Every structure is written in structure tokens, then in C-alpha cells.
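Residue numbers (our numbering): 103 to 353.
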Amino acid sequence: GWFDRWYIYLHDEPSFGNQAHWDRIIARGTRFKASVPDLPLFVTTTLDYGTKKNVLDYIDIFVDGYMTADYDNKTKRTDYDNWLATPDTPRHELWSYVACASCGVVGGTRFQGESNHGIDYTPNQLRIRTWLDRFYNIEAELYYAVNERWDRYPSQKLDPWEAVYLFGNNGDGQLFYPGRPDRIGGTTHIPVESLRLKLVRESFEDYEYIYKLDQSNQKDFVNAELAKIITNSLNFTKNPSDIYQAKQNLA
Numbered sequence: 103g104w105f106d107r108w109y110i111y112l113h114d115e116p117s118f119g120n121q122a123h124w125d126r127i128i129a130r131g132t133r134f135k136a137s138v139p140d141l142p143l144f145v146t147t148t149l150d151y152g153t154k155k156n157v158l159d160y161i162d163i164f165v166d167g168y169m170t171a172d173y174d175n176k177t178k179r180t181d182y183d184n185w186l187a188t189p190d191t192p193r194h195e196l197w198s199y200v201a202c203a204s205c206g207v208v209g210g211t212r213f214q215g216e217s218n219h220g221i222d223y224t225p226n227q228l229r230i231r232t233w234l235d236r237f238y239n240i241e242a243e244l245y246y247a248v249n250e251r252w253d254r255y256p257s258q259k260l261d262p263w264e265a266v267y268l269f270g271n272n273g274d275g276q277l278f279y280p281g282r283p284d285r286i287g288g289t290t291h292i293p294v295e296s297l298r299l300k301l302v303r304e305s306f307e308d309y310e311y312i313y314k315l316d317q318s319n320q321k322d323f324v325n326a327e328l329a330k331i332i333t334n335s336l337n338f339t340k341n342p343s344d345i346y347q348a349k350q351n352l353a
């Protein structure tokens, strides 16, 4: 069945200063915990915020990732260790995600250089994502949309072939383009994948090597290879050859 893949997106990026957001998490979380206790609830926020707002009983999955890990004075990856080790049903998990803050326009310049799916970033900044997930022992990755600009076309009349700026970032939430007959010919509407989506595929293919080695008791070897190309989520190799060499080493 599909039940082990279901989850409930309880709240998106609750503002620390808006108590109504946290009250909503408590109210919704209470209902879901009572009716479907085995179904995990997730929120895109940090353990630090969740602790201070007393909502830990209503969050099974923190979607924080490594937005500020190791180089900012906020939640560190190691801060999650005790929470992750605490037995619970459903079990605790930590996921990562690409937030608009990482473009540097919304979140501030301290985030510039992080991994991002935007157009104006290097291929390495996208491909490194799954390597970073393993570097921080993060279990899954969230991306909020792959056709967000086209979804907004009926109201905003902005064609993704002409404009993809959204949330401070070109290409945010837009990994496919609408393959309309008037644009690409033919008679059928089809999705047209971006080069960035191909890099997403490359990144997950890289992760398959990592996963197989982890399952073969080769975690120390994987850790050593990761350390060659990653210092933290802001500082990692900018040379594509380094990733290709690391993948070759893993193979």
C-alpha cells in the first residue's frame, strides 16, 4: 500500500513572530494525532523554533535541512540528534528543502552560494544537493513545485518561456516548461524538462552510488569522499570535475 509514503503538510514556513501560525499547527496537529496517529506530520521550520513554540508534540518531520547549518547562529545539524533518536510513532525524520531564502534576495546575502535549483546558479550548486543530504544525514528532500509559473499563468499571464522570476529567483518552482503546440510544434501538449531537471536526475543517480555503499558497510569510505568536496552547506567544491572524480571513486 501507499500508507507508509503518506504525510500531512501541516504548515508552510510559520513565522516565528506570528503566534496564529503556531496555534494553527497545534489545532491541526491535535486533530490529526487523534484521528490518524500513524500518519507523520511535517512543517518547514527548525527544531529551535518548534521547541520555543512548544509544538514538538505535533511535528514528526522537520523540513529544515541545512539552510544555516555550520555557518550561522541558528539550528545546527547536530542539534537534531537527540530529537531524532527519541522513539516515537511515527518516527522522527529530518528533511531538507530549497527555500527562496537561499537565493540571497529574500533571505539575505549570508545564504548566497548555497545549493539552489534556480537558473542563475552553477550546475554544481544544484547537483551537490544529494551529496549534502548524505553529508548531513538527511533522509529526504522537499521541493514545492515544478510548474509554479505556469500554474500562475491564468491569473498573471506570464508565460514561463518568457518570464520565470518568482520569489527572488529565476526559475524558482519551475523545472518544466509547457510544451504547447504553438511553441514546439505538433498537436499534443507535453511537459518539456529543463536542463536543471536533468541535473536533479544526475544528483539522484549520484546518490544511488552513495546509498549502495552505505548499505554495504562502507560509510567511512563515503564520509572520506564527501569530506574532499564539502566543508558545509555554503562551502563546497565549485569544480564539476571534483564531483565526477568523487563519483568515480565511489564506483
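Where is the CB? At the ideal position from N, CA and C, for every residue including glycine. Nothing here was measured: the structure is a model prediction, and the numbers come from that model.
*Do isoleucine 332 and asparagine 226 come within 8 angstroms of each other at the CB atom, strictly closer than that value?*
Stepping through the sequence shown from its first residue, residue 226 is reached at position 124. Stepping through the sequence shown from its first residue, residue 332 is reached at position 230. No. Outside cutoff.
_Completely contained alpha helix (DSSP H) runs for the segment 116-176, where each covers 4 or more residues_ = 121-137, 149-154
*Bridge partners - phenylalanine 269, DSSP secondary structure assignment*: Taking the first residue of the sequence shown as position 1, residue 269 is located at position 167. Paired residue(s): none; phenylalanine 269 is not in a bridge.
*Below 8 angstroms between beta carbons: does that hold for glycine 131 and tyrosine 160?*
As a first step, residue 131 must be located in the sequence shown, where it is residue number 29. As a first step, residue 160 must be located in the sequence shown, where it is residue number 58. Yes; because the gap between Cβ atoms is below 8 angstroms, this pair is in contact.
*Can you give me the start and stop residues for the alpha helix (DSSP H) that isoleucine 292 sits inside?*
In the sequence shown, residue 292 corresponds to position 190, counting from 1. Unbroken run through isoleucine 292 is the beta strand (DSSP E), 292-295; no alpha helix (DSSP H).
*Under the three-state reduction of DSSP, which class applies to proline 225: helix, strand or coil?*
Along the sequence shown, read from residue 1 onward, the residue named residue 225 stands at position 123. Looking at proline 225 - three-state DSSP - the assignment turns out to be helix.
*Alpha carbon to alpha carbon, how far is glycine 281 from glycine 288? Give it in angstroms, no decimals.*
Here residue 288 refers to the residue found at position 186 when the sequence shown is read from its first residue. Here residue 281 refers to the residue found at position 179 when the sequence shown is read from its first residue. Looking at the two C-alpha atoms, the distance is approximately 10 angstroms.
_What would DSSP say about proline 256, mapped onto helix, strand or coil?_
Taking the first residue of the sequence shown as 1, we reach residue 256 at position 154. In this structure, proline 256 counts as helix in the three-state DSSP scheme.
*Beta-carbon proximity list for asparagine 351, same chain, < 8 angstroms, skipping 5 on both sides*: Walking along the sequence shown from the start, residue 351 turns up at place 249. Taken in chain order, the residues that qualify are Glu327.
*Check whether the Cβ atoms of isoleucine 128 and valine 157 lie closer than 8 angstroms to each other.*
Here residue 128 corresponds to residue number 26 of the sequence shown, with the count starting at 1. Here residue 157 corresponds to residue number 55 of the sequence shown, with the count starting at 1. Contact flag set, yes.
*Output yes or no for whether 8 angstroms exceeds the beta carbon distance between arginine 229 and glutamate 243.*
For the purposes of this step, residue 229 is identified with residue 127 of the sequence shown, where counting begins at 1. For the purposes of this step, residue 243 is identified with residue 141 of the sequence shown, where counting begins at 1. No, they are not a contact pair.
*Could you pull out every residue in the same chain whose Cβ sits closer than 6 angstroms to the Cβ of isoleucine 221, ignoring the five residues on either side in sequence?*
What you label residue 221 is simply residue 119 of the sequence shown in a count that begins at 1. Answer for isoleucine 221: Asn272, Gly273, listed in chain order.
*asked:* Using only CA atoms, which one of Tyr311, Ile163, Arg254, Ile286 lies nearest to glutamate 241?
replied: As a first step, residue 241 must be located in the sequence shown, where it is residue number 139. It is Ile163.
*Alpha carbon to alpha carbon, how far is proline 192 from proline 139?*
For the purposes of this step, residue 192 is identified with residue 90 of the sequence shown, where counting begins at 1. For the purposes of this step, residue 139 is identified with residue 37 of the sequence shown, where counting begins at 1. Roughly 8 angstroms separates the two Cα atoms.
*What does a CB cutoff of less than 6 angstroms around aspartate 114 pick up in its chain, not counting 5 residues either side in sequence?*
Walking along the sequence shown from the start, residue 114 turns up at place 12. Cβ within range, chain order: Thr146.
_Does glutamate 243 come out as helix, strand or coil in the three-state DSSP assignment?_
Position 141 of the sequence shown, counted from the start, is the residue given in the question as residue 243. If DSSP states are grouped into helix, strand and coil, glutamate 243 belongs with the strands.
*glutamate 264 by DSSP, collapsed to three states: which one?*
As a first step, residue 264 is located in the sequence shown; it is residue number 162 there, counting from the start. Three-state result, glutamate 264: coil.
_Where arginine 179 falls, given that 16 or more other Cβ within 10 Å makes a residue buried_ = Within the sequence shown, numbered from 1, the residue matching residue 179 stands at position 77. Classification of arginine 179: buried, given that the 10 Å Cβ count is 16 or more.
*Going by beta carbon distance, what residues of the same chain come within less than 7 angstroms of leucine 186, once the five residues before and after it are set aside?*
Position 84 of the sequence shown, counted from the start, is the residue given in the question as residue 186. Excluding positions up to five away in sequence, the list reads His194, Leu196.
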